[in-house]
Every structure is written in C-alpha cells, then in structure tokens.
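Protein chains in written order, with my numbering: chain S, 43 to 235; chain F, 71 to 675. C-beta: ideal position from N, C-alpha, C; glycine also. Here's the structure, in structure tokens; my notes come after.
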Amino acid sequence: MTAPTILVLYAHPAPQRSPVNRRLAEAARAMPGVAVQDLYELYPDFDIDAEHERSLLAAAHVVVLLHPIRWYGMPSMLKEWMDVVLRPGWAYGVDADGETQSLHGKSCWLVTTTGSGPEAYQAGALHGHPFDAFLLPIRQAAVLCGMDWLAPLVLHGAAAAPDPVIDAHVHEFTRRLAGYAGQTATLEAGHGA
Amino acid sequence: MEHSLLLNACVYLAAAVIAVPLSKRLGMGAVLGYLVAGILIGPYGFKFIGEAEDALHFAEFGVVLLLFLIGLELEPSRLWALRRPIFGWGGAQVGLVAAVLFGAALLAGIDWKLALIAGLGLSLSSTAIALASLEERNLMPTPAGQASFSILLFQDIAAIPMIAIVPLLGIPEEAGGGGNAWIAVVKVIVVLAGVVIGGRFLVRPLLRFIAKTDAREIFTAFALLLVIAISLLMQSVGMSMALGAFIAGVLLADSEYRHALETDLEPFKGLLLGLFFIAVGMSVDFGVFLARPAIVLGLVAAFLVLKIGVLYGLSRAFDMARGQHLQFALILSQGGEFAFVVFGAAATARVFSEEVASTLVVVVALSMVVTPLVLMAYDRLFARRQGAQGKKGAGKADDIEPNEDHVIIAGFGRFGQIVGRFLNVAGVKLTVLDHDPDQVDVLRRFGFKVFYGDATRADLMRAAGAARARALVVAIDDIEDSLALVESVRRDYPELPIFARARNVTHYYQLMDRGVHLIERETFEAAVKLGRSVLTAGLGQSAYRTRQTADKFRKYNLQNILAVYPYYKDRDTYVSMAKRGRDELETMIARDRKAVEDETGQDWD
C-alpha cells in the first residue's frame, strides 16, 4: 500500500453528537491512500504538534478540510491549527532558506455542513449573503498558499437531513475523494452494493 | 580573671539592655543608645569599666564580622559591577574630603605632614555607624544607601595604604631593608592565594560536611572560626583584619551556605558592633576635652562643616532622590574607626605628638556621637516636611535595584524543583532555599542557584532578599514549616505575593486562613491528568470531551472546597459538608453527562 496522498483534517468538537461529519470521517478513514487527522481527538488541550502536522501536509497532495460551519466559520481548533501550522515562510512568503510555499500546487477541498437550509443563504434571508461569501477567508488562505481550490462539498440543513440525503452525501464524498486519490475505478467496483 | 570577664559582660549587657531600648523609645536609634551607654559606664561616667581600650580592641571584631557579612552579600560579579561607584565615588569622596581638610589645615598654619595625615584620616567615615544608620532607616536599597555603601567599601580599601604611608612621613624606623619588604609582599600574595584556593577547595567541602552532621551549633562555631582564623592570618601579614574578612566573605558569596553563614553570624555581628559603639563611648577622653573644650569643639564643628559640605556637593553629582543629598552627607560625616588606627600609627611614627593624637581621637569620637544626634534631628525635620507634603516615603519601592527582581522558592524537593525548572526556562531569576545539604549539592551540580538553610527562619528570608523579591513560592514538604513560613512572611513582607503548595485540603484551608489565595493541591492536576488518560486511552472516550469533563470536575471540586471552607474547623459539620459536597459533585457531573447525551445533533452538525 502506498503512503496516503490525501490528508483529511477533521475538526469536530462534539463528534458524538454529529449526524453527518462523523460518518464522513469514518468513510474517509476506511479508504486506502487517505489519512484522517482527528484534531479534537489528538489535541484536546489545543497543544498542536505543528512540526508533525507540517510533515503530514508536505507528504499529501490533497488536503481536505472536514468540519461543520459554526458562526460562519470553522471550529476554533482548526483556526488554531492554521495559526500554528501555516507558518509564514513555510506555507506562504519566503523563508530564510529562500524556500517558499511548501503547499504550492497541492489542492484544498472543503467538505462542510451547515445547520440552516440553502434558502437561508441569500440577500434578505436569515444569513443575509450567499453561502460562498462566507467561504472567502478560507478560500483566500488556500490561494495565498498557492493551492488549487476545489469546488467545496456542502450539505445545508444537515441537522434535519433525512437518512437517504445523508447517505447520498456520504456517497458523493467518497466518490470524489476516491477520484482525487486516483482510485476511482477500484472504489466504484467495491461500492456497487 | 573569669570573674571579671563575666562581671564586665554583665555590665556591658546591662548597659545595652537598658540604654538601647530607652534610646529607641526616645527616637534616637540604637547607635546613640550604645554610645551613651558607653559614656555612662566608662571612665568619665560611673567608672564601672576601667579599660576602654581592651574592649575597643575586642569589639573591633564586630567591624570585622560586619565586613565579612558585607562580603558575603557581594558576589565577585556584583563587586565587579560596582567597581565604578566604589572607585569613582569612593575615590572622589576620599580625595576631595582629604584635600579640603588638608587645605583648611594648611591655611590654619598647621605643619603639612600633620595636616596631610589628619586630612586623610578624617576623610574616612565610620562603616559601623554609617551602615547601622542606613539599616535603621531602611535606606540600603536606595541610591543614597548604595552610594554610601560603595564609598565605605572604598574607604576600607583606602585605609590600608594610608596606614602604610604614615610611617614613611615620620621619623624613619630602624632600617627595614628591601629584603624584608619583598618578603612581606610575597607573604601577602601567598596568604591571599591560600585564602582563595582554600576557600574554593577546602572551606566549601568542609561546610558541606559540617552541614550534613546537622549540628547547628557546630556550623555556627565553624563560621566564627573561619572568620577569626582568616582575620588573624591577614593581620599576621600586615593586612587589615576587616579587609581580609571582606575578601573571605566575597569568596564565599556564591557558595550555597552563604545565607546560613549570614544567619548564624548576624547576632554576633550585632552584639559586637554594639560593644564597639559602647567602647567608642567609653573612649571619649573627657580629660583631653575638658582641658581645651573650645579647641576640641571648634575642631569638631569645623571638621563636620567641611566634610558635610564636600559630601553634599559630591552628592549632587550622584543620581539620588531629591531630599536624600543632605541625609547622605550627614550619614558619612563622622570620622571612622580607621582614623583611630591611622592616628595611632602616626603617633607611633612620631609624626603626631601624643597630645595631637589624643585630641584628634576625641574629635573623631565626638563626631561619631554627633552623627546619630544630627540624623535624628534631620529625621524629625524631614518627617515634618514630608508630613506637610502628605504621603510619607511614597514611591520608595521604585528605588529597588532592577536586578534584584527575583522569585524565591522555599523548598526544592520534587515539587519545588518542577516549579523552579519551569520558571528558570521562562527566564525568571530564582533564589532557592532548601535545608537538605545533599539536595543542595546535587542541584548545584545541575547549575541551580541553591542556598542551604531553614526557610522558616525570618532572618534567612531577609538574607535571601525577601524585601526585593517579586514572589515567594512555598513548596516545603512539611505542613508545619510551610504554615510558619507563610505566617512570618505575611507579617514581615505583607506586599510579597505568596504562591503555595498544599499537601492536602486541610493544609489548603490553613493557607487560606493565613491570607494565601494562590494555592495548588500538589497531586490534584497529575491525578486528573491520569484520569483523563484512563478515559481516553483506556476506555476509548473522546479526548476533547474528556478534557471538558475534567475541566468541569476541577471547577466543581474547587467550588466545593471553597464552600466547605467556613466549616472546616468544626469536625462534624465538616465531615457532613464534605460528604454532601461529594454527593453534589456526583449529581452535577451526572447531570452534565446526561445533558450531553440528550443533545443529539442540535448544536453541531
């Protein structure tokens, strides 16, 4: 088996209460070539091992951000992860050795869920703006690091989603993930049931 | 012989015990009390004691001890850092004062040799009186105190060449011969080298060995023996005993036993200095004084005016708080104990007549008596002026030397060590006290600055610089000692923040009783941490959730402890309260757990 080339950064502060994200994480874990970093499980005291995280990033070619949206953004752990891992001169800018953008050319894929349905994300509605507007900071962060921004996979209204919708969402997730891993064919065959 | 020794001791002690408290009560300070006691029991008072000279001789050892203790405070590195104030200010003070006195004497038509020796001798101040006055007023940490100290130290050094050159001005002694001088120099060098090497390689292991026997009085005896032996050794090669003791002190300043030595010698120093002041009082020769009162008083007045004037002018050049200039000048105004020696040497070398020498000695002695009186008057006036301005002595804390900012850790066992290592990594200056010589030895090998001593002794805390510390960490094993230390520190240093280790909940409460608020139970955090590991690594629970549970547990547990606190002295209520608290804690956590379990994906997707 080859070393994982897809790194899933999974950040959920209460996985036991998660109807969607936990299933996505479990599905990812089961796939070859995919490594899942469960950040809340690894660093309950927020004492992130930045050096280790950077080495995982360096080895991956696709970085998946898997988390729910809360208060229009990522859980605090993932923000902390960004703050300590994506060091200037390593993730962007130029460092002392003249090396730059260790993440350059890698892809960034956001997989997320929201509590509200899609209708809440528009002018005049509950959240006042289209959902894409809220993704601007993370998207720009990826661009700043020289990463390709893949089309996000979003499930709106996740809390109230009926099981078939969730099943379909998980299936779509694994399909795309396998595609990124370059193993689409194998997976499709195994997933026929 | 023994009888008279005890009788004399009885007279001295009684005089001190009566005069000093009385004098302090009257606001005159201890030094003046001793001096007056000396005058009263001396040959011109009630004649209880005939021989002032013997007592003075013996009591000079108080000055020797004083300088040894000062040396202990001055590590070589600190001494080096002080080189500019010592040689700059000290040199300026001795040079200027001596020059002015010399000039004035020449103008008065006095022979130049006499004027020179008198000027030099009188430029010196009394280390004993000046330092005692500074300490009485708690002025040591202020710029005026530091300047005074530096100057006094320089004077102690300067006195040696002075005493050496006096005979050169006099009638040549029976030819000494170059060979002898050479031998003398070689002797001094050999003895100094012996003290330096012996101090490092002999005295420290010996101190450690003696400390290990755990016989306190032997440690004290050894400390005294050390100082006396070094002083005699120095004297035998013609150096000043005081300077020799000072050098010995500096050599031991970075030793781990520094504080213990200080603590043990302090009372001897105090008593002997007291005896020294008494002896000065006794040696005021009222016979000489009464023979020519006008001349003596005129000389004292002229001497003091000139010296205070020069010192005041000098003080303007130093960086001193406003209002401290005059105080500084007054503190250093008197003639010193070295003047006695210089004039004695001059009389021996027949530069002075006996008459001149005894007159000058009386002038010096009287100036010593005058100093505390003038300082008292100054205090009164200054206090009144301060009172008129409002706050008294506000902002004094700002005068503390910045490099004295340190944290004291009392007890450097398993607990204190972790605190210490952590603070050390964070770049905090530490002073560590521990009473286990083996421990001290091991830790010093790891590069820690550890001092040997019993932290619960108030004098040791003072020696450790508690007055200048930023915080005190009480990490002692023994609960009784921990509480005793907290009590004494709360009393003596109410401003010093205390951070305490509690051995158990009752200890926690006892610390609270004594006004400590920042307390950690020694085993609590480690136990909670291990509990978390059981839940996660052992039972597979979510790490983050377990952390949240642990945070709640800690919070409720502390709340519970504080809630029970008012009842802890009442055993029955305490037990039932504690039990109720435990039940409540269980209920609370169960409720939380249930709340968490009831929340299905309501808040997080």
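Item                                                                                                                                                                                    : Value
Using a Cβ-Cβ distance cut-off of 8 Å, determine whether serine 612 of chain F contacts chain S.                                                                                        : yes
Per DSSP, leucine 542 of chain F is paired with what?                                                                                                                                   : F/Ile478, F/Ile568
Flag arginine 617 of chain F as yes if its beta-carbon sits less than 8 Å from any beta-carbon of chain S, otherwise no.                                                                : yes
For a contact defined as C-beta to C-beta under 8 Å, what are the partners of glycine 159 of chain S on chain F?                                                                        : Within 8 Å Cβ-Cβ: nothing; glycine 159 of chain S doesn't reach chain F, min ~12 Å.
Rounded to whole angstroms, what's the CA-CA distance from arginine 95 of chain F to leucine 503 of chain F? Just pull it up for me.                                                    : 36 Å
On the DSSP bridge list, what partners appear for alanine 112 of chain S?                                                                                                               : Looking at the sequence itself, residue 112 of chain S is arginine, so the reference to alanine does not match. Paired residues: S/Gly115.
Taking 8 Å as the threshold, find out whether the region 309 to 323 of chain F comes into contact with the region 261 to 269 of chain F through three or more Cβ pairs.                 : yes
Would phenylalanine 138 of chain F pass as a contact of valine 297 of chain F if the rule is Cβ separation under 8 Å?                                                                   : yes
Taking only beta-carbon positions, decide if aspartate 87 of chain S is within less than 8 Å of chain F.                                                                                : yes
Does the pairing of the region 213 to 230 of chain F with the region 152 to 172 of chain F give three or more beta-carbon distances under 8 Å?                                          : yes
Please confirm whether glutamate 83 of chain S has its beta-carbon closer than 8 Å to some beta-carbon of chain F.                                                                      : yes
What's the gap between the Cα of isoleucine 549 of chain F and the Cα of isoleucine 140 of chain F?                                                                                     : 34 Å
Compare the C-beta of valine 62 of chain S against all C-beta atoms of chain F and say whether one is closer than 8 Å.                                                                  : yes
By a C-beta neighbour count over all protein chains shown, 10 Å radius and 16 as the cutoff for buried, is alanine 525 of chain F buried or exposed?                                    : buried
Enumerate in chain order the residues of its own chain whose CB-to-CB distance from leucine 81 of chain S is below 7 Å, with the five nearest sequence positions on each side excluded. : Leu51, Tyr52, Ala53, Met119, Leu120, Trp123
Can you tell which of F/Ser306, F/Arg515, F/Ser220, F/Lys282 has the C-alpha that lies nearest to the C-alpha of isoleucine 253 of chain F?                                             : F/Ser306
For threonine 156 of chain S, which residues in chain F fall below 9 Å Cβ to Cβ?                                                                                                        : Asp675
List, from N- to C-terminal side, the alpha helix (DSSP H) runs of 4 residues or more that fit wholly inside the region 316 to 386 of chain F.                                          : 328 to 353, 356 to 361
Check the Cβ-Cβ distances between glutamine 58 of chain S and every residue of chain F, and say whether any is below 8 Å.                                                               : yes
List, from N- to C-terminal side, the alpha helix (DSSP H) runs of 4 residues or more that fit wholly inside the region 107 to 153 of chain F.                                          : 122 to 143, 146 to 151
Which of the three DSSP states, helix, strand or coil, is assigned to histidine 233 of chain S?                                                                                         : In this predicted model, histidine 233 of chain S has a pLDDT of only 44, less than 50, meaning its place in the structure is not dependable enough to derive any value.
Using DSSP with H/G/I as helix, E/B as strand and the rest coil, what is phenylalanine 594 of chain F?                                                                                  : helix
Thinking C-alpha only, which one of F/Gln618, F/Ile546, F/Thr593 is nearest leucine 605 of chain F?                                                                                     : F/Gln618
Relative to the C-alpha of valine 439 of chain F, which residue among F/Tyr104, F/Ile378, F/Pro91, F/Ala79 is closest?                                                                  : F/Tyr104
Any chance the region 176 to 187 of chain S sits against the region 140 to 157 of chain S, with 3 or more Cβ pairs inside 8 Å?                                                          : yes
Return the Cβ separation of glutamate 424 of chain F and alanine 417 of chain F in integer angstroms, given the expectation that the two are a contact with Cβ distance under 8 Å.      : 6 Å
Would you mind sorting threonine 154 of chain S into buried or exposed? The rule is 16 or more other CB atoms within 10 Å of its CB.                                                    : buried
May I ask which residues mark the beginning and end of the alpha helix (DSSP H) holding alanine 77 of chain S?                                                                          : First-last for alanine 77 of chain S: 76 to 80, but that is the beta strand (DSSP E), not the alpha helix (DSSP H).
Where does aspartate 621 of chain F sit, in a helix, a strand or coil, going by DSSP?                                                                                                   : helix
Say whether chain F places a C-beta atom closer than 8 Å to the C-beta of proline 55 of chain S.                                                                                        : yes
Roughly how many angstroms separate the alpha carbons of arginine 64 of chain S and histidine 587 of chain F, rounded to a whole number?                                                : 44 Å
State the DSSP-derived secondary structure class of cysteine 187 of chain S, mapped to helix, strand or coil.                                                                           : coil
Could you pull out every residue in the same chain whose Cβ sits closer than 6 Å to the Cβ of glutamine 459 of chain F, ignoring the five residues on either side in sequence?          : With a pLDDT of only 44 at glutamine 459 of chain F, under the threshold of 50, the placement of this residue in the model should not be trusted; the figure read from the coordinates follows. Cβ neighbours of glutamine 459 of chain F beyond the five flanking positions: none.
CB alanine 174 of chain F to CB leucine 376 of chain F, shorter than 8 Å?                                                                                                               : yes
Measuring alpha carbon to alpha carbon, tell me which of F/Ala107, F/Met582, F/Met311, F/Asn630 ends up nearest leucine 553 of chain F.                                                 : F/Met582
Could you give the first and the last residue of the continuous beta strand (DSSP E) run that contains serine 149 of chain S?                                                           : 149 to 155
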